[in-house]
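Novice:
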Amino acid sequence: MREQVRIFIAACFYYSGLIRLARRWAQRPGQRLIILNYHSAIGGNLRSHLLYLHRHYRMLHLEEALKELYTPKKVEQARDRRTPLVLTFDDGYRDNYTHVFPLVRELQVPITIFLVPGYVESGDHFWWLEAERLTRHTLVDKAMIEGHTYYLKQAKDRVLLARAIDDHLRHAASVAEREAFLTTAQEALAVPSSSVTEEEALALPLTWAQIREMEESGWVSFGAHTMHHPILSRLTDPAEILYEIDACRTALEQGLGHPVYALAYPFGQPEEVGEEAARAAERAAYNWVVTTVHGINTPRSSPHHLLRIYGDASRHLLVMAAETSGVWKLIHCLGRTLKLFGKNKNSS
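Numbering (our numbering), first residue to last: 712 to 1059.
1) Where does residue 726 sit, in a helix, a strand or coil, going by DSSP?
2) Taking just the CA atoms, how far does residue 1013 sit from residue 868?
3) Within 10 angstroms of the Cβ of residue 723, are there 16 or more other Cβ atoms? Answer buried if so, exposed if not.
4) Alpha carbon to alpha carbon, how far is residue 977 from residue 990? Give it in angstroms, no decimals.
5) Which runs of the beta strand (DSSP E) at least 3 residues long sit entirely within the stretch 785-821? Give them in chain order.
6) Buried or exposed for residue 880, going by 16 or more other Cβ atoms inside 10 Å?
7) Per DSSP, what kind of secondary structure is residue 991 in: helix, strand or coil?
8) With DSSP as the reference, identify every bridge partner of residue 1062, one or two as the case may be.
9) Give the range of the beta strand (DSSP E) segment to which residue 859 is assigned.
10) Straight-line CA distance for residue 968 to residue 839?
11) Alpha carbon to alpha carbon, what distance is there between residue 1030 and residue 717?
12) Determine contact between the stretch 745-760 and the stretch 1018-1027, defined as no fewer than three beta-carbon pairs at a distance below 8 Å.
13) Between which two residues does the beta strand (DSSP E) holding residue 974 run?
14) Assign residue 946 to one of three DSSP states: helix, strand, or coil.
15) Indicate whether residue 952 and residue 987 have their beta-carbon atoms separated by less than 8 Å.
16) Run the CB neighbour count on residue 938, radius 10 Å, all protein chains shown included, and call it buried at 16 or more, exposed below.
17) Tell me whether the stretch 855-871 and the stretch 818-837 touch, counting them as touching only if at least three CB pairs, one residue from each stretch, are closer than 8 Å.
18) Does the distance from the C-beta atom of residue 945 to that of residue 882 stay below 8 Å?
19) Between the Cα of residue 843 and those of 907, 775, 790, 998, spot the shortest distance and give me the residue it belongs to.
20) Looking only at C-alpha atoms, which of 1019, 943, 875, 810 sits nearest to residue 984?
21) Check whether the stretch 906-920 and the stretch 803-811 touch, using three or more Cβ-Cβ pairs below 8 Å as the test.
22) From the DSSP output, read off the bridge partner residues of residue 1001.
23) On the DSSP letters alone, give me the boundaries of the beta strand (DSSP E) that residue 746 sits inside.
24) With a threshold of 8 Å between beta-carbons, can residue 863 be considered close to chain D, or not?
25) Would residue 774 and residue 1032 be called neighbours here (beta carbons separated by less than 8 Å)?
26) For the beta strand (DSSP E) that contains residue 896, what are its first and last residues?
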């Protein structure tokens, strides 16, 4: 119901012309850069998203766009007045190859994918998908994990177990601790290694062969997303934080055969990144670091704290158009301002 309301509001914005006006307002003098943050490619109509973005925005690879953003703009260069936009995909799901790559080549839309080389090398399922996968494929009726017994014929206990597994994985103080717990959970639940649905197969990581083919096309570029995708602020050892950020770059440069300049923090909110990770990114000498903090970038934006707008292939096209134009954020801020004004008026 809530999503239907969002679609209705977005439709009002679109058909009233407000989104078009917002796009034109963004083209006023002064450099700006929108970076969209997608992950998986399935569950919606990504083609419609790409067609819309390609029509209304000037789409670039990340590094090309950032070099332009931080370079003083000459008047004679401003031929295409559309706002520059970068389309990024985090994690490197296999559906980025099977679903996104064909569209990218067909529509000639550049994208940037942030990779987790530890998973590219191992081919394992990404850890944040494991809680649901394990409880779906378990062969046991009862399991004891961390001293608590779960009766898995009961839907409620399955939900509680999935939540408990995910919570432990997210709060692990090291990657080794996370992987050890995951192994314990897999053994306790007796999940066959061959139990992979078609949808789960698309959520596996990209292979090096797929990555190289995508890059050779000229339409896909790659950046770093840490070695094993931990929640960096949860890690207790500063040396491990530096390793996750620095070794990732080394592994990608070896696999791709050229320098890698951009990093995307996993999860990407300040409380999930932490100050130690920010220092590690600077020590690793990345030129650009992107977050998941919402916003549009300008030349005043820190190159080590770049903003992105959340994207989702399953999101309705009109909602995506409203988010990208900035209308949604503007209305939200206006609503908060009016609410605050009303409170102040009532209290006076």
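Every residue gets a Cβ at the ideal spot worked out from N, C-alpha and C, and that includes glycine.
Specialist: Here's the rundown:
1) One-based indexing of the sequence shown puts residue 726 at position 15. DSSP places residue 726 in helix when its eight states are reduced to three.
2) The residue labelled residue 868 in the question sits at position 157 within the sequence shown. The residue labelled residue 1013 in the question sits at position 302 within the sequence shown. Their Cα atoms are separated by approximately 46 Å.
3) Along the sequence shown, one-based indexing puts residue 723 at 12. So residue 723 ends up on the exposed side.
4) In the sequence shown, residue 990 corresponds to position 279, counting from 1. In the sequence shown, residue 977 corresponds to position 266, counting from 1. Roughly 15 Å between the two C-alpha positions.
5) 795-802
6) Here residue 880 refers to the residue found at position 169 when the sequence shown is read from its first residue. Buried, by the Cβ-count rule.
7) Reading the sequence shown from its first residue, position 280 is the one you call residue 991. Three-state DSSP puts residue 991 in a helix.
8) Since the first residue of the chain shown is 712 and the last is 1059, residue 1062 is not available in this structure.
9) Here the question's residue 859 lines up with position 148 in the sequence shown. First-last of the beta strand (DSSP E) with residue 859: 859-862.
10) Translated into positions along the sequence shown, residue 968 becomes position 257. Translated into positions along the sequence shown, residue 839 becomes position 128. Those two C-alpha atoms are separated by around 29 Å.
11) Mapped onto the sequence shown, residue 717 falls at position 6. Mapped onto the sequence shown, residue 1030 falls at position 319. In a straight line, the C-alpha of residue 717 is about 7 Å away from that of residue 1030.
12) yes
13) One-based indexing of the sequence shown puts residue 974 at position 263. Start and end: 973-975.
14) The residue you call residue 946 lines up with position 235 of the sequence shown. Note: residue 946 maps to coil in three-state DSSP.
15) Walking along the sequence shown from the start, residue 952 turns up at place 241. Walking along the sequence shown from the start, residue 987 turns up at place 276. Contact: yes.
16) On the sequence shown, position 227 is the one that residue 938 refers to. Residue 938 is buried by the Cβ-count criterion.
17) no
18) Along the sequence shown, one-based indexing puts residue 945 at 234. Along the sequence shown, one-based indexing puts residue 882 at 171. Result yes, Cβ atoms of residue 945 and residue 882 sit closer than 8 Å.
19) For the purposes of this step, residue 843 is taken as residue 132 along the sequence shown, with counting starting at 1. Nearest C-alpha to residue 843: 907.
20) Reading the sequence shown from its first residue, position 273 is the one you call residue 984. The shortest C-alpha separation from residue 984 is found at 943.
21) yes
22) Taking the first residue of the sequence shown as 1, we reach residue 1001 at position 290. Residue 1001 is bridged to 975, 1017.
23) Translated into positions along the sequence shown, residue 746 becomes position 35. From DSSP, the beta strand (DSSP E) with residue 746 extends over 745-749.
24) Checking the listed chains, one finds no chain D in this structure; it contains a single protein chain.
25) Position 63 of the sequence shown holds residue 774. Position 321 of the sequence shown holds residue 1032. Not closer than 8 Å, so no.
26) Counting from 1 along the sequence shown, the entry for residue 896 is found at position 185. From DSSP, residue 896 is part of no beta strand (DSSP E) but of the alpha helix (DSSP H) over 886-900.
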